[in-house]
Structure formats: structure tokens, C-alpha cells
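Peer 1:
Protein chains: 2
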Amino acid sequence: MGWNKVAVIGVGMIPFGELFDKSWEEMIEEAFLNCIKSVDKGFNPKEIQAAWVGVARPHLHGQGAQGGVSLVGNIGLAGIPCTRVENGCPTGSDAFRNACFGVASGVYDVVLVGGYEKMRDAPTSEMLGIGLEGHPLLTLSETAMTMFAPQATRHMFEYGTTKEHMAMVAVKNRKNGVLDPYAQFRQEITLEDVMRSPVVCEPLNLLDCCPQTDGAACALLCKAEIVDKYSKKPVYVAGVGCGTDYYYAHEKTTFTSFPATVRSAKEAYRLAGIGPQDIGIAEVHDCFTITELIDYEDLGFCEKGQAKELIEKGVTERTGRLPVNVSGGLLCKGHPLGATGIAQIAELYWHLREEAGERQVEIRKGYGLQHNVGGRSISNSVVTILTRNKD
Amino acid sequence: MGWNKVAVIGVGMIPFGELFDKSWEEMIEEAFLNCIKSVDKGFNPKEIQAAWVGVARPHLHGQGAQGGVSLVGNIGLAGIPCTRVENGCPTGSDAFRNACFGVASGVYDVVLVGGYEKMRDAPTSEMLGIGLEGHPLLTLSETAMTMFAPQATRHMFEYGTTKEHMAMVAVKNRKNGVLDPYAQFRQEITLEDVMRSPVVCEPLNLLDCCPQTDGAACALLCKAEIVDKYSKKPVYVAGVGCGTDYYYAHEKTTFTSFPATVRSAKEAYRLAGIGPQDIGIAEVHDCFTITELIDYEDLGFCEKGQAKELIEKGVTERTGRLPVNVSGGLLCKGHPLGATGIAQIAELYWHLREEAGERQVEIRKGYGLQHNVGGRSISNSVVTILTRNKD
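Chains as they are written, first to last, in our numbering: chain A, 690 to 1080; chain B, 690 to 1080.
1) Could you list which residues in chain A have their beta carbon closer than 8 Å to that of B:Thr772, in chain order?
2) Between the region 909 to 940 of chain A and chain B, which residues of the former have a C-beta closer than 9 Å to a C-beta of the latter?
3) Please report the distance separating the alpha-carbon of A:Thr842 from that of B:Tyr936.
4) With three or more beta-carbon pairs closer than 8 Å as the criterion, would you say the region 757 to 765 of chain A touches the region 728 to 742 of chain A?
5) Which residues does DSSP pair with A:Arg773 in a beta bridge?
6) Counting only C-beta atoms, is B:Val761 closer than 7 Å to chain A at any point?
7) With 16 as the cutoff for other CB atoms within 10 Å, does A:Phe721 come out buried or exposed?
8) Buried or exposed for B:Ile1000, please, with buried defined as at least 16 other CB atoms from any protein chain shown within 10 angstroms of its CB.
9) Can the beta-carbon of A:Asn1014 be found closer than 7 Å to that of A:Asp984?
10) What are the start and end residues of the beta strand (DSSP E) that includes A:Met702?
11) Along chain B, which residues have their Cβ under 9 Å away from the Cβ of A:Val758?
12) From this set, B:Val802, B:Arg746 and B:Glu714, which residue's C-alpha is nearest B:Cys778's C-alpha?
13) Within 7 Å of any Cβ in chain A, is that where the Cβ of B:Arg809 sits?
14) Would you please state the rounded distance, in angstroms, between the beta carbons of B:Ala856 and B:Met884? I believe it to be under 8 Å.
15) For the region 844 to 913 of chain B, which segments carrying the alpha helix (DSSP H) assignment without a break, of at least 4 residues, lie completely within its bounds, in sequence order?
16) Does the beta carbon of A:Ser794 sit closer than 7 Å to a beta carbon anywhere in chain B?
17) Give a yes or no on whether the minimum CB-CB distance between A:Arg652 and chain B is below 7 Å.
18) Indicate whether at least one CB of chain B lies closer than 7 Å to the CB of A:Ala767.
19) For A:Gln1059, write down the residues that DSSP places opposite it in a beta bridge.
20) Check whether the Cβ atoms of A:Asp783 and A:Val774 lie closer than 7 Å to each other.
21) For chain B, find out if any of its Cβ atoms is closer than 7 Å to the Cβ of A:Ile819; answer yes or no.
22) Looking at the unbroken alpha helix (DSSP H) that takes in A:Tyr985, where does it start and where does it end?
23) Would you identify the three-state DSSP class for A:Glu707, choosing helix, strand or coil?
24) Per DSSP, A:Ala767 forms a beta bridge with which residues?
25) What number of angstroms, rounded off, separates the C-alpha of B:Val888 from the C-alpha of B:Asn894?
26) Looking only at its own chain, which residues have a Cβ that is under 8 Å from the Cβ of B:Leu1019, when we skip the five neighbours before and after it?
27) Determine the closest residue to A:Ile703 out of A:Ala905, A:Thr772 and A:Asp729, with distance taken between C-alpha atoms.
28) When DSSP builds the beta bridges, which residues end up paired with A:Thr933?
29) At what residues does the beta strand (DSSP E) containing A:Val916 begin and finish?
30) Roughly how many angstroms separate the alpha carbons of B:Leu1041 and A:Leu1026, rounded to a whole number?
31) Mapping the DSSP letters down to three states, classify B:Leu960 as helix, strand or coil.
32) Is it right to say B:Arg1048 is buried, meaning 16 or more other beta carbons lie within 10 angstroms of its own, or is it exposed?
33) Would you mind listing the alpha helix (DSSP H) stretches within the region 985 to 1062 of chain A that are 4+ residues and don't spill past its ends, in chain order?
34) Since I believe A:Gly1057 is in contact with A:Gly969 (beta carbons under 8 Å), could you give me their beta-carbon distance rounded to a whole number of angstroms?
35) Would B:Arg952 pass as an interface residue toward chain A - the criterion being a Cβ-Cβ separation below 7 Å?
36) Please name the residues in the region 853 to 876 of chain B whose beta-carbon is closer than 9 Å to at least one beta-carbon of chain A, in chain order.
And the structure:
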């Protein structure tokens, strides 16, 4: 069961945050070195045959359209193939997905995927694309907040979800973040803190929103047949999936679901030969608290409209039946677009190998699920399923 | 012999040029419809399972980081997976390469690759990245001209290449362009015209340079096993290759060769199980005339320093032994980064199927080679080899 053509043999990231003291080159180098060091049986970087890099908005930190060489040129691997992937919020996870295809195609045996984003060097308004993006069909007010807030409002109206339910997501993830040395925010907060934090865009308060963050993450992949050369505890890619939705907000068919997520999950589950009931741990896209609640439903963790019960009953707590965002999620760790998906994959990798330290969860089922959704009008999604089950 | 896991079943493009009257959405739609119509046995767009899109600098025409949905959302296919690839000048060809991996991985049977670039809506200075890119290790004067001109100077010094040799490339490609309805420039020019045209950056004159161009192109791919369902004259992807080089100009090891090209060609030849002697037609990167001459050497069409003999003897003329840039090349057709590589592949597809009309060449050997090189410090290259030989 499962695609399992590709295995993960190493991961590395850097503590995310406001890294004004690091260049994007330094962030990449550090994540890469951590990744190399993580390989069980040692690893010579010269074994890397090709690479993929995820970075969404390099033009905002002085880099423009430079392609894959921005990764390999900075880690002593200039020469090998490298493709830059950009896919909105799932930029890092889609770079990972394409790296998997490169291996599964039979062309490469060992590849690297890296992702980074420097989001604090440019004004937030530019990072969000306001000003630079003057397309007539895109209103100037179409920001991340104004795309996600109506989803919250409509979900509240249709399913009785409340601001308290959303706040519970923030409280859970902040509690998790305390244990994650890579997280930008490592303080617990209370339900009251969230409810009383300033409104950013009704019904989303400040503590319902993830921060703007700098970060980098890497992963090493090889074809499954040779995994024992590198790894003592192999983790396989059971499935990958990608899905899209309409590009402009006025075309949307629903405001209580992200169709792109439903499609990417369907593809990943199909390839893995499993369903949501087989997932033992998940790192899902929580750019806002409402996003995580909708993810529960779109990914099939519960029926439509039942996300509130999952969060109320503690099912997705670190100690619950299906731990979600044990890393602290985007809400704590931050969301450097190109790095986010790869960092989520790193977290799953650590838990599946039982090396997540203090925040290690009990893995009741052998599959971990990674998920991103975003981009203009929330129109791109990627899902990755990892497993420690070889067959 | 040959990789041949993937087949091309349709291609489509639009006449390149200064398309102020078309939006990028219209360019994509038109190229896509032409592509669909070109499939021998008819094609239902609903059969497309995934897509890849190449676009290098969408932030300069009001689009920012929106990912793959910019393609599928505009052709009635919102929902299916789509990855945006950016890799400098080889952006379109690397999108094609990644689409090939998607098929060869076994995950998808039929995929689309599209590429587009709107280069005339933004000032040329912005398109070239000046101003937006303020990285301290990149001098503000590092433009396309100032990256390629020293290559010409050094090649002249080392190998006796002259400005006349470069001008011959322009004359040849302009002559070819007359027959190409998709080309931006369709007038013959003389050696004197090139020699007397204004100096842009010594030793490159105006007519040594390709124009800034708007354009779009698409290709449909399927796994080789099912090609007969769609095609009467199959064309297979015999090999794909990608290579990089140092990211910053001060790290470069040569000024008479593009190491990224040498590496991408080596990979593509290896996968195809052939060598340069097997190529019957080529579409190579001629952003400047000197580029095409250096390509001859880097791709193995002649020994180092002998490019001048190939152009002098007419070997690469449309009627020569190895026709190069029968489409008119970037010098005539223009160079809309995301579309360029896919348009080159379209040209090879037409010739290999003997449907290139007036400009059809006699295919003496069953392999066609597509090539791009570029990006910051000329550090990215992609090579694709197509064939009509099944085995």
C-alpha cells in the first residue's frame, strides 16, 4: 500500500523568526548543513544529483527571477540541476512534490529540496502584494486577511462555529509552540488573550493570525530502493497531491471550504492508498485559526461543519487522538512561504522517527499528513503523506 | 535507445510580438486553444490531469506570486494541479522538463505545460531587474548585455571570432524568420545592416540582440504507452537535462563557454543515449548572436573555438547539414522567457512531423535539440531532446 517510490533521508531547518541579522544565503546554508548532518549514516553533498527550491517572492528582497541557482549556488553545489518552484503558500511543499517526481521518474537517485523566504526585509504591504499587483480583476483590498475573514464569517453562520472555537486553535498551537525550538512564538496564551486581542479583520483578531516570518528548511530524498544506504529508520513518501481553485474571488463556489485542499487531499490519499482515518499526525495550514478548522473538514478528519467538535473535545491536541500542528503550526512557527511546507515535512519526519524530543507524540497510525493552501483567492493546495510503513 | 517515457501530442503558440492589445490571460487562452486543436485524433481538455506553467517575472505585470493557477484558472481547468516553475531564461523549458517528470513518475498520464511572459507592459529596465534587485553582490550594471558582451570579447580574443561571424548569425536567423508566421521580426537583413547598427554594449550591436517580446506557448504530453490514442506521428522526449553555474559573476571560471549549457547537454545526451552527432535540427538560445556561436561549442556541434567555421560554411543554415534556429531564433521570434523554451519545442515538433510548411527542413537525423541558457550570471540551462524514433 502506498506510492513509496521516494524516501526522506534527512531534514534540516533553522529557528524561524525576524532574522534581520541573516541574509537569505545564510539562512539556506544553515538549513542545508543541518539537513546534511541529520542523515543517519553520514552523507556527502556531492551525492546530490539535482535540486528543487521553493521561494515565493524573492523579488521583494532584491533577488528577482534567478531560478534554482539561488539554492545550489549558495551551498557549494553550483553545477547540478535546480528548478525554482513558486506556488503561493504551498511553494515549499510543491517544490517537495516536484522533487519527488524527479526521483520517481527514474532520472535521479538522490535529490535535495530547499525552501526559504525573507519576509521581514520588505514592508508587509509589499509582501502581501499590495501596490505591486495592479490587476484590474483583483481589488486592492484582496489581502490574506480579507480572503480568509469571509470564510470565518460564513462558517460561523452555516455551522455555528464561534470566535471561541477559533481562539481554541490559537491556544492549542501556542501551547505546542512552547516545546518547539524552531518556533517564532514560544509563549502560552489563554482563550481570553485571543478574544481580547485587537481585531485585524472581523472576525479575525490579532492572535488568530500567523506572523510575517523569515526562515529556511531543507530535505534530502532518495529513491526507495537505496534508502538503507543512508537511513536507519526510513520514512517514505506515501503520496503527494496538488489541487487548484478559481483564480479570482468572484468565481468562488463556496466560502466554508477550500476546494483546492479537497482536491489535493483526494489525490494524495489515492496515491497513498489510504484515507483520513489512517492519519496519525498532521501539520496543516493554519495561517489563521479559521483555516485550521476548515482544514479538518476539507482533509476528511471530520464531517462538514464538525470541526468545532474536534477542537472542543481536544482530539487534535498534542495528546489527542489525532495531533495537529504539534510544531505550533504557522501560528507559532511563522509562515515563510518557501520554507513552510518543508518545515512541516521535517516535523512529521521527526515524529515518525520518534525523535521529536519533548514534543514527541504517540504515533497511533503510521501516516503523517502535511498540508498547505493559499495563493490568490486561496486557489492552490498541496498535501504530502509520509509513512514509516514500507509496504 | 532514448528515455522515451513521455510523448508530445500537441503544441500551440501565438505570434510573438509587442502585444499591447492582449492581456496575459488572452495570450494563454489562445496558445492553449491552438495546442488543443493540434492533436491529431482530437482532444478533450478534461483529459488533462495536471499542468506546469513557466513564467519568470509576473510581478512586473501585476500578478505577483500566484502559482500554477494563473494557467489552469484561465483555461477552464481550475481544479487540477498546476506548478509554477521559474528558472530565468530556461523558465519555459524547465516547466516542460518538470512536466516530463510528472508523467515519467507514473502519477499522471496526460499533462499540459504552458508558458507566457508579458515583457512590454513594464519598462525594459524593470524587466531586466535593474532597480528591483539591489543585492550587494550584484552590481547595478549587471544586465543581459553586460553579462554577454564580455563573452564575445573574450571569444574574439581567444579564438579569432569576429564581429562579422556574429553578424552572420543575425543574418541567418533573420532570413529564417521571414518564413515563420510566429516571429516578431520577419525582414531579411544584410551583414552591413548588422555591422552598422548602433552599438548597445561593445562588441554587441543592436542587431546582435533579441528584442523584448510578449508571447505564450503550450504543449501537451502523455505517457509513451498511450500515445497512439492521440497521435498519428508520435514525437517522444528522448532526454531532458538541466545544469547550473555560479550565481555571481565574480565566481565565473570561463568567459568563452557557458558551463551550465555543457552540463545540461551532457545530462540530456546521456538520458537520450545519443551524442551531438545524432542531432538533425536544433533550436538554441540566441539572445545575442555570440550566444548562438558559443552554444555550437557547448552543445558539442563543433570543437571549442570552431563555431566560426560552422557559421562561415553555412552548416547551420536552414538548408545546411545541421539547421539551427530555423524558427528565426530568439533574435527574430523574440524571447518571452516563460514561453521561449516551449515555443522552441513546438518548432522541433513541427519539423520532426514534417509539418513546418515553407520552412520545413530535411531531417537527416531523427533527433531535435532545444536549448536555453540564462538567468543571473548566465547560470541556468535546460536542454530537451525530441525524437521520432520510438526505440
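Don't be surprised by glycine CBs; every beta carbon is placed ideally from N, CA and C.
Peer 2: Considering the structure as presented:
1) Val774, Asn776, Asp783, Arg786, Asn787 and Cys931
2) Val929, Gly930, Cys931, Gly932, Thr933, Asp934, Tyr935, Tyr936, Tyr937 and Glu940
3) 47 Å
4) yes
5) A:Val742 and B:Glu775
6) Yes, its Cβ sits closer than 7 Å to a Cβ of chain A.
7) A:Phe721 should be labelled buried.
8) buried
9) no
10) It spans Val695 to Met702 - the beta strand (DSSP E) in which A:Met702 sits, taken as one unbroken run.
11) Asn776, Gly777, Thr933, Asp934, Tyr935, Tyr936, Ala949, Gly1064, Arg1065, Ser1066, Ser1068 and Asn1069
12) B:Arg746
13) no
14) 6 Å
15) 852 to 866 and 880 to 885
16) yes
17) In this structure chain A extends from 690 to 1080, so residue 652 of chain A is not present and cannot be described.
18) yes
19) A:Glu972 and A:Thr1073
20) yes
21) With a pLDDT of 47 at A:Ile819, under the threshold of 50, the modelled position of this residue cannot be trusted, and the question is left open.
22) Note, A:Tyr985: alpha helix (DSSP H), Thr978 to Asp987.
23) coil
24) A:Ile769
25) 4 Å
26) Cys899, His974, Asp975, Cys976 and Thr1029
27) A:Ala905
28) A:Thr933 is bridged to A:Asn1069.
29) Looking at the DSSP string, A:Val916 is not in any beta strand (DSSP E), and its letter there is neither H nor E.
30) Those two C-alpha atoms are separated by around 42 Å.
31) helix
32) Residue burial is scored here from C-beta neighbours: B:Arg1048 has at least 16 other C-beta atoms within 10 angstroms and is therefore classed as buried.
33) 996 to 1001, 1018 to 1022 and 1026 to 1041
34) Indeed they touch by this definition, with Cβ atoms about 7 Å apart.
35) Yes, its Cβ sits closer than 7 Å to a Cβ of chain A.
36) Contacts with chain A (Cβ-Cβ distance below 9 Å) from the region 853 to 876 of chain B involve no residue at all.
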